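Just below is one structure, and these are the notes that go with it.
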Amino acid sequence: RAKEAGRARHEVFDSVMRAGAIRRLEIVNDLHRALERNQFVLHFQPQIDLRTNSLIGVEALLRWVHPERGLIPPLEFIPVAEETGLINDLGRWVLRAACQQGRTWLDRFPDREPLVMSVNLSGRQLHQPRLAEEVAAALEDSGFPADQLVLEITESVLMNDTAATIHTLEALKELGVRLAIDDFGTGYSSLTYLQRFPIDILKIDKSFVDGLGSANIEESAVTRTIVALAKTLRLETVAEGVERSEHVRELQSLHCDIGQGYFFARPLDAGALTTLMAQPDTPVAALGSLADVDR
Ligand code: C2E
Ligand code: MG
Ligand code: MG
Ligand code: MG
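The sequence shown runs 599 to 893 under full-length UniProt numbering.
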C-alpha cells in the first residue's frame with residue numbers, strides 16, 4: 599500500500615512536472631513570435647513624491663498579451679527570455695517603447711512637471727557590450743531627455759562580473775541617465791558596491807515596506823536604516839509596494855523621497871495614465887479608482 603501510494607504520488611508529481619515543462623516549452627515557442635506579432639505592452643505604475651503628493655514618475659512594467667492565455671505577468675516569461683537570450687531584443691523593445699511613450703507625454707503635457715520614466719534592465723542586458731549604444735539610440739530616436747530616464751538594476755546583477763559591469767554602468771552614466779538599485783536589501787549586499795558603482799537611487803524592497811506603521815519599531819528598522827544610508831550617500835529613495843496609509847505616514851516621517859504601490863495606483867495602461875495626467879489636480883487617493891486595469 600505504501601509503495602502504491604508512493605507510486606501514485608510519484609505519478610502526480612511527474613504529471614505536474616510535465617505540465618510545467620510543457621507550459622514552459624509553449625512559452626519558449628510563443629515568445630519567439632510574440633515580439634514580431636506585437637503582443638507586448640507596457641503598463642506604467644505611478645511614482646508619487648511623498649512631500650508634495652504629486653505624480654513625478656512612472657515605472658514601465660512589461661506585459662505579454664497572449665492571444666489565448668491573456669495577460670501574462672513578467673515573472674512567467676522574463677526568466678525564459680533571459681535563458682534563451684531573447685531578453686536582448688525584448689529589452690531593446692522595452693527601452694524604445696518606454697522612451698517613446700515618455701516623449702508622447704512630454705509633448706502632450708508641456709506644462710506639467712516633466713515625468714521620470716523608469717525601465718527595468720535584466721542581468722543579461724547589462725552584460726551586453728552594446729547596451730549603452732542602444733540606450734543612446736532609444737533616447738535619440740524618441741527625443742526623450744536622458745536625465746528623465748532611470749534604469750533599474752537588481753543587486754544580484756551588481757555582484758557578478760564587476761569590471762565589465764562598472765564599465766557598462768559608467769558608459770550609461772555618461773549618457774546622462776540615472777541608475778537605481780531595484781529590490782534593495784534583498785540581495786547579497788556587500789555595501790561596498792554602493793561606493794564602487796555610480797548609483798543614484800535605492801528602491802527599498804516591498805518586504806521592508808510591509809513592516810512600516812507597526813507599533814513594533816523593529817519592523818521598520820531596515821527601512822529606517824536604508825533611508826539613513828541613502829541620505830548619507832546622497833541617494834534618492836523610492837519605497838516599493840506601498841499598500842497602506844500607515845506605510846505612507848511612516849515613510850513621510852522617515853523622509854523617504856518617493857512612494858510606489860497599490861495604495862497610490864496599480865500599473866496602468868498608457869491610456870489610463872494619460873487620463874490621469876489630463877487632470878493634474880487629481881488627489882493621489884483618487885488614483886485608486888483607476889487602479890483596476892492591471893488585475
Ligand atoms: P519590480 O521591478 O520590482 O517591479 C515591481 C513589481 O511589484 C511589479 O510587478 C508591480 O506590479 C508590483 N507592485 C507594485 N506595487 C505593488 C504593491 O503595492 N503590492 C504588491 N503586492 N505588488 C506591487 P510586475 O509588474 O509583475 O513585475 C515583476 C518584476 O518583473 C519586476 O519587479 C521586474 O523585476 C520584472 N520586470 C517587469 N518589467 C520588466 C522589463 O521590462 N524588463 C525586465 N528585465 N524586467 C521586468
Ligand atoms: Mg523595477
Ligand atoms: Mg522592485
Ligand atoms: Mg520586485
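For glycine and all other residues, C-beta sits at the position ideal for the given N, C-alpha and C.
Note that this is a predicted model, so its numbers are computed, not measured.
Residue i (DSSP reduced to helix, strand or coil)
i: T790; result: coil
i: V663; result: strand
i: F782; result: strand
i: V840; result: coil
i: L673; result: helix
i: R706; result: helix
i: S716; result: strand
i: I751; result: strand
i: M615; result: helix
i: D890; result: Only weak support exists for where D890 lies, its pLDDT of 47 falling under 50; the value from the coordinates is given anyway. Three-state DSSP puts D890 in coil, outside helix and strand.
i: S812; result: coil
i: L623; result: helix
i: L724; result: helix
i: L756; result: helix
i: L633; result: coil
i: L866; result: strand
i: F861; result: coil
i: F742; result: coil
i: G683; result: coil
i: E711; result: coil
i: A828; result: helix
i: Q877; result: coil
i: L688; result: helix
i: L729; result: helix
i: L871; result: helix
i: L773; result: coil
i: V678; result: helix
i: T823; result: helix
Beta-carbon proximity check, residue i vs residue j, cutoff 8 Å
i: E848; j: S805; result: no
i: F642; j: L660; result: no
i: G783; j: S754; result: no
i: E724; j: I751; result: It is worth fixing the name first, because residue 724 is Leu in this sequence and not Glu. Yes.
i: L749; j: V717; result: yes
i: A632; j: A658; result: no
i: L827; j: L773; result: no
i: D701; j: G741; result: Note on residue identity: the sequence assigns Arg, not Asp, to residue 701. It is a contact, given that the beta carbons lie within the stated cut-off.
i: A837; j: V807; result: yes
i: N686; j: R722; result: yes
i: E732; j: S652; result: no
i: V825; j: L789; result: no
i: D855; j: L704; result: no
i: H845; j: F861; result: yes
i: L673; j: A679; result: no
i: R842; j: G809; result: no
i: R794; j: I815; result: no
i: L871; j: V614; result: no
i: I670; j: S720; result: no
Per DSSP, cross-strand counterpart(s) of residue i
i: H641; result: L659
i: G668; result: H664
i: T799; result: Going by the sequence as given, residue 799 is Ile instead of Thr. Partner(s): A778, E834.
i: L653; result: I646
i: I856; result: D647, V836
Any non-hydrogen atom of ligand 5 closer than 7 Å to residue i Cβ
i: G859; result: Ligands displayed in this structure: ligand 1, ligand 2, ligand 3 and ligand 4; ligand 5 is not among them.
Open item on the list: Counting beta carbon pairs with one atom in the region 791-802 and one in the region 826-834, are three or more of them shorter than 8 Å?
Closed with: yes
- [ ] Please list, in chain order, all residues with a C-beta atom less than 5 Å from at least one heavy atom of ligand 2.
- [x] N718, E750, D780
Open item on the list: Does the structure place the region 686-703 close enough to the region 613-624 that three or more beta carbon pairs sit under 8 Å?
Closed with: no
Task: contact_flag[the region 665-676, the region 866-880] where n(CB pairs < 8 Å) is 3 or more - done: Taking 8 Å as the limit for Cβ pairs, the verdict is that the region 866-880 does not touch the region 665-676.
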